[in-house]
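Using this note's numbering, read the sequence shown as starting at 10 and increasing by one per residue.
Every residue gets a Cβ at the ideal spot worked out from N, C-alpha and C, and that includes glycine.
Working notes, beginning with the structure itself.
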Amino acid sequence: MKKIIVYLSIALFLSGIGLVSAEEKKENLVWDAGTVQLQLEKLADGIYAIYPTDAKEKNAKGYPVATSGGFVVGENGVLVVESMVNKRLADQVMSFVKKVTDKPILYVVNTSYHGDHSYGNYVFPKSAKIIQHSKTKAFMENKDGFEADKKWMSQYFGTNRGIEDVVARSADIVVDDKKTIDLGGKKVEIMHLGFAQTPGDLFVWVPGSKIFWTGNPVVAQPPALPWLLDGKHKQVLETMKKVRSFLPNDAVVVPGHGVPVKPSDLDFTIKYLETLHNEIKNAVGKGMTLEQAQKSITMEKFQGYALWGWVHSGVIILNTYKEHSK
10 MKKIIVYLSI ALFLSGIGLV SAEEKKENLV WDAGTVQLQL EKLADGIYAI YPTDAKEKNA
70 KGYPVATSGG FVVGENGVLV VESMVNKRLA DQVMSFVKKV TDKPILYVVN TSYHGDHSYG
130 NYVFPKSAKI IQHSKTKAFM ENKDGFEADK KWMSQYFGTN RGIEDVVARS ADIVVDDKKT
190 IDLGGKKVEI MHLGFAQTPG DLFVWVPGSK IFWTGNPVVA QPPALPWLLD GKHKQVLETM
250 KKVRSFLPND AVVVPGHGVP VKPSDLDFTI KYLETLHNEI KNAVGKGMTL EQAQKSITME
310 KFQGYALWGW VHSGVIILNT YKEHSK
């Protein structure tokens with residue numbers, strides 16, 4: 010319910026303050042799961058990123074885009090990262106796999122419970138093992154909660170986007186710490202490094218090629234902001250610092266919603282969270298109300314994200330202020 014309430018504030022915030030026109034919102038701020046086209050990029054031998062065809066252009070302008078993912082091909086089969094939001098996009102992922110190999114899809118990893126990363130599970134072969142954190146598994150097995158989530162997703166993305174057809178498919182394999190998958194000639198490490206946006210965030214690492222999938226904890230290249238929908242900014246900051254120190258400087262990072270980025274791009278998020286913490290701490294110490302804090306904490310050097318007004322003020326400051334006020 011908390012997620013639904015928070016997400017519903019997007020439309021209210023954007024339209025209520027006139028941040029964007031209805032046309033701009035439709036074209037640039039809410040991607041259409043019924044029309045998105047994905048593309049394939051080879052990152053290394055047998056390792057591929059998948060992201061929207063408009064990601065490069067829109068990421069640079071600070072506009073949000075659809076989900077990114079990818080897959081790893083070993084001698085025995087394939088591991089897919091992210092199943093996407095509907096059958097249409099899941100089918101595109103499987104089509105890409107078939108273009109490069111005839112080996113079976115053995116595993117599908119969901120980096121979180123968010124529907125645009127996990128709803129497509131039901132489309133993949135029954136023989137493929139779904140990998141999730143236990144918190145993600147619990148979310149998907151809560152029938153009432155899952156159906157409420159689907160209902161909201163249909164309202165937000167629009168009907169006739171295939172979301173109504175989604176059937177919950179939860180984990181066959183649970184990873185709450187770390188697990189290594191041997192695909193034959195390629196090992197993939199799946200790890201939980203702490204709370205990064207949800208209680209069940211998973212990161213995917215191919216050590217032999219230094220490729221790293223983050224899911225939503227890294228939304229896209231700067232100026233994209235972290236979506237702290239569940240708050241916990243201190244935990245998020247701690248986890249992001251852990252991720253940054255883990256990554257070698259020459260690693261390739263596939264974010265949750267964009268083209269591959271460099272590890273140094275994570276510094277933007279870390280510095281944003283550090284600055285935010287200090288600004289909120291000072292505001293609360295001075296006795297500012299939430300509304301005063303939202304107006305005064307502008308953090309100009311981090312601006313540029315198209316959803317800045319809503320994400321920064323309407324979500325991140327809101328949740329961080331509450332945490333500092335406890």
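Under DSSP, the beta-bridge partners assigned to residue 61 are 47.
Non-local C-beta neighbours of residue 124 in its own chain, meaning closer than 8 Å and more than five positions away in sequence, comprise 94, 158, 159, 162, 172, 175, ordered along the chain. Non-local C-beta neighbours of residue 288 in its own chain, meaning closer than 6 Å and more than five positions away in sequence, comprise 306, ordered along the chain. Two segments are said to touch when three or more pairs of C-beta atoms, one from each, lie closer than 8 Å; by this definition the segment 218-238 does not touch the segment 36-49. For the pair residue 201 and residue 286, the CB atoms are not nearer than the 8 Å cut-off.
In this chain, the alpha helix (DSSP H) harbouring residue 299 covers 299-305. A distance below 8 Å separates the beta carbons of residue 225 and residue 121.
Scanning its chain for C-beta atoms nearer than 6 Å, with the 5 sequence neighbours on each side dropped, one finds around residue 75 the residues 40, 45, 61, in chain order. The segment 89-104 and the segment 266-279 do not touch, with fewer than 3 CB-CB distances between them shorter than 8 Å. Per DSSP, residue 214 is not a residue of any alpha helix (DSSP H); the beta strand (DSSP E) it occupies stretches across 212-215.
Under the DSSP assignment, residue 278 falls in the alpha helix (DSSP H) whose first and last residues are 275-294. Residue 188: member of the beta strand (DSSP E) spanning 187-191, first to last residue. Between the C-alpha atoms of residue 196 and residue 300 there is a straight-line separation of about 49 Å.
Taken through DSSP and simplified to helix, strand or coil, residue 102 comes out as helix.
DSSP places residue 230 in the coil class of the three-state scheme, outside both helix and strand. For residue 80, the beta-bridge partners assigned by DSSP are 57, 89.
Taking all protein chains shown into account, residue 179 has 16 or more neighbouring C-beta atoms within 10 Å of its C-beta and is therefore buried. Ranked by how close their Cα comes to the Cα of residue 140, the residues 210, 256, 108 have 210 in first place. The beta-carbon separation of residue 78 and residue 91, rounded to 3 Å, stays under the 8 Å limit for a contact. Here DSSP, grouped into helix, strand and coil, assigns residue 255 to helix.
Judged by their CB atoms, residue 261 and residue 199 are not nearer to each other than the 8 Å cut-off. With respect to residue 278, residue 227 sits close: the two C-beta atoms are nearer than 8 Å.
Excluding five sequence positions before and after residue 332, the CB atoms of its chain that fall closer than 7 Å to its own CB belong to 240, 242, given in chain order. Counted as a single uninterrupted DSSP element, the alpha helix (DSSP H) harbouring residue 155 occupies residues 152-166. Nearest in C-alpha terms to residue 134, of all of 117, 81, 244, is 117. Across the structure, residue 177 and residue 145 are spaced so that their CA atoms are roughly 11 Å apart.
Take the alpha-carbon of residue 218 and the one of residue 185: they are about 24 Å apart.
In this structure, residue 167 lies away from residue 85, with their beta-carbon atoms at least 8 Å apart. For residue 331, the uninterrupted alpha helix (DSSP H) run begins and ends at 327-334, by DSSP. Residue 116 is bridged by DSSP to 88, 138. For residue 221, the secondary structure class from DSSP, reduced to helix, strand or coil, is strand.
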